[in-house]
Amino acid sequence: MASHAARGQTALEKSDYPAAITHFTTALKESQSPLWLIQRSIAYQRISNHELALIDADNAVLKAQARNRRELIGTAHFRRAVALNGLGRFGDARMCLNWCSKFNDKEKGLTMWVGIVKKGYEDAGGEDAECNKVTVKETPEKVEEVQAGGSKEKSGTPAKSKGKEPIVTVAPVATSPPTQTPKEKIREEWYQSNNTVTIEVFAKGVPKDTTQVEIQEGELSVRIPIGTSTYDYTLSPLFKRVDPSKSSFRITPHKIEITLHKSVPGIKWSSLEGTEEIASSAPSAADEEVVKSAVLKAQAENEKPPAYPTSSKTGPKNWDKIDDGDEPEEGVDDFFKKLYAGSDENTRRAMMKSYQESGGTSLSTNWDEVGSKTFEPQPPEGMEAKKWES
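Read left to right, the sequence shown gives residues 39 to 428 (our numbering).
Have a look at this one:
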């Protein structure tokens, strides 16, 4: 059976924060591991219990210092900064980020949180603001116990124990939905890989049933109902084309995570928005009729019987129709017509896109290939492709 620490880690990864807190609390009764304190601090922070998150982060610094674990000291200071930011103590948060950088300048998320705390610091009024005063210490005071009502005992008045590490008693965890974030406090961040662009809209209490997220090839729009108002977030045009069929989004209690799948992998986006309009690659009804007519015409041309030499004044005859009169043959559905009529949407899109872009000189049915390339006209030898002016 997995240990409580392992189960707590699993619950944390699944965003089941109340369960994570329960398991880490049980594990900490056996050993005051700085790593478990850090993990429980993360869980508290995710449910916006910043005070308890700070207590665990403070104790994690002390335990990591006792074990001389520089990397964990840095991470514990980082968790202190995140909790202090949540409490609106921006000066203290900024100082903890400095200590984090001193012990581990490669801490994940450090650069991003330096920017977040800096914005909070400046918005609060800079160095003259009371909330920006620095009162935190690099070596915090030890909190021996957290009572259910939220009161704390410092190291000067420790709880009696029989030689064991002090046990932290936590308050019951509320599982009610988080209060909805005001519209003016919603923020967005983004990052990318070779294949995707991920946008995170940090907003608590987003209603899943009424929130609208629309992903198009060249545009993204998000609409969140907030009381009697709405929060609108639109990117148009996007920096590059995306594939809506492979893109996705998910709504969690604390944010909306949108994953845009790049149509052309490997291209680095310098921003989320571009300057050139991105036309939809989906064909219009008129385009579909044009391509369909051209395909069927090409098929009909290929179906013509051979014309044999003749001296008749009436010209060559179709000898295949001598016995049947002038009635057309049964089953004229050739390969191309059957292919088009029986194809799925992606195959039809591939046929139409390749035919249009190549000026009628290429025809492909593979959307995976067609969707990521542009077909250049390939006229027969001795001929030249020309663009018709409308």
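Even glycine gets a Cβ: it sits at the ideal position worked out from N, Cα and C.
Remember, it's a predicted structure, so these values are computed and weren't measured experimentally.
Nearest to residue i (by Cα), restricted to the options the options
i      : options                        : result
Tyr269 : Val244, Leu73, Ser283          : Val244
Val251 : Thr48, Val280, Arg288, Val120  : Arg288
Ala91  : Arg117, Trp74, Ile111          : Arg117
Leu273 : Thr313, Asp247, Gly112, Ile264 : Thr313
Glu179 : Leu100, Met390, His292         : Leu100
Ala104 : Gly409, Glu165, Val239, Thr177 : Thr177
Pro56  : Arg84, Lys284, Arg127, Lys221  : Arg84
Asp247 : Lys284, Ile264, Glu255         : Ile264
Gln230 : Asp54, Glu255, Phe277, Glu257  : Phe277
Leu135 : Lys300, Gly126, Leu125, Gly112 : Gly112
Gly397 : Ala131, Tyr378, Lys424         : Lys424
Ser308 : Trp228, Gln218, Val181         : Trp228
Gln416 : Gly409, Ser400, His292, Glu407 : Ser400
Glu311 : Thr249, Glu255, Gly153         : Glu255
Glu226 : Met150, Ser318, Lys284, Asn232 : Met150
Val239 : His292, Gly147, Val181, Lys284 : His292
Ala241 : Thr403, Asn170, Thr219, Gly409 : Thr219
Glu165 : Tyr271, Asn142, Arg127         : Arg127
Asp406 : Phe141, Glu383, Val152         : Glu383
Gly409 : Gly420, Thr385, Glu422         : Thr385
Tyr271 : Thr249, Leu377, Ser286         : Thr249
Arg387 : Leu110, Glu68, Ser318, Asn233  : Ser318
Proximity below 8 angstroms, CB of residue i to CB of residue j
i      : j      : result
Leu50  : Ile80  : yes
Ile253 : Val280 : yes
Arg78  : Thr63  : yes
Ser381 : Phe413 : no
Leu258 : Leu298 : yes
Trp74  : Ala44  : no
Pro275 : Ile316 : yes
Ala98  : Ile76  : yes
Ser267 : Lys221 : yes
Asn123 : Ala114 : no
Leu125 : Glu89  : yes
Ser53  : Pro216 : no
Thr403 : Met389 : yes
Cys138 : Ala121 : no
Ile237 : Ile296 : yes
Tyr159 : Asn170 : yes
Residue i, buried or exposed, once every other Cβ within 10 Å from all chains shown has been counted against 16
i      : result
Val174 : buried
Gly129 : buried
Asp96  : buried
Ile294 : buried
Asn106 : exposed
Gln47  : buried
Gln305 : Rather than Gln, the amino acid found at residue 305 in this sequence is Ile. Burial call: exposed.
Thr290 : exposed
Lys300 : buried
Val302 : exposed
Thr207 : In this predicted model, Thr207 has a pLDDT of only 48, less than 50, meaning its place in the structure is not dependable; the value taken from the coordinates is given anyway. Its Cβ having fewer than 16 others within 10 Å, Thr207 is exposed.
Thr60  : buried
Ala379 : exposed
Glu168 : exposed
Ser199 : In this prediction, Ser199 scores a pLDDT of 43, lower than 50, which makes its location untrustworthy; no coordinate-derived value is stated.
Glu145 : buried
Met133 : buried
Gly188 : Only weak support exists for where Gly188 lies, its pLDDT of 43 falling under 50; the value from the coordinates is given anyway. That one is exposed.
Lys192 : Any reading at Lys192 must be qualified, since the residue scores a pLDDT of 46, below 50, and its modelled position is unreliable; the value itself is stated next. It counts as exposed.
Gly163 : exposed
Gly194 : In this prediction, Gly194 scores a pLDDT of 42, lower than 50, which makes its location untrustworthy; the coordinate-derived value is nonetheless stated afterwards. It counts as exposed.
Pro108 : Per the sequence shown, the amino acid found at residue 108 is Arg instead of Pro. The residue is exposed, with fewer than 16 neighbouring Cβ atoms inside 10 Å.
Pro72  : buried
Gln185 : Caution is warranted here: a pLDDT of 41 is assigned to Gln185, below 50, making its placement in the model unreliable, and the coordinate value is therefore given only provisionally. Gln185 comes out exposed.
Ser331 : exposed
Ser285 : buried
Those residues which DSSP pairs with residue i across a bridge
i      : result
Leu298 : Val235
Glu257 : Gln254
Ile289 : Ile294
Asp270 : Arg261
Trp228 : Ile237
Leu276 : Glu311
The ligand SAM heavy atom lying under 7 angstroms from the CB of residue i
i     : result
Thr60 : Summarising the ligand content, the structure contains no ligands, and the ligand SAM is consequently not present.
Curious, which full-length alpha helix (DSSP H) runs of at least 4 residues does the stretch 54 to 91 contain? 55 to 68, 72 to 84
Quick one: which unbroken alpha helix (DSSP H) runs of 4-plus residues sit fully inside the stretch 125 to 188? Chain order, please. If only uninterrupted alpha helix (DSSP H) runs of at least 4 residues are considered, those enclosed by the stretch 125 to 188 are 128 to 141, 148 to 161.
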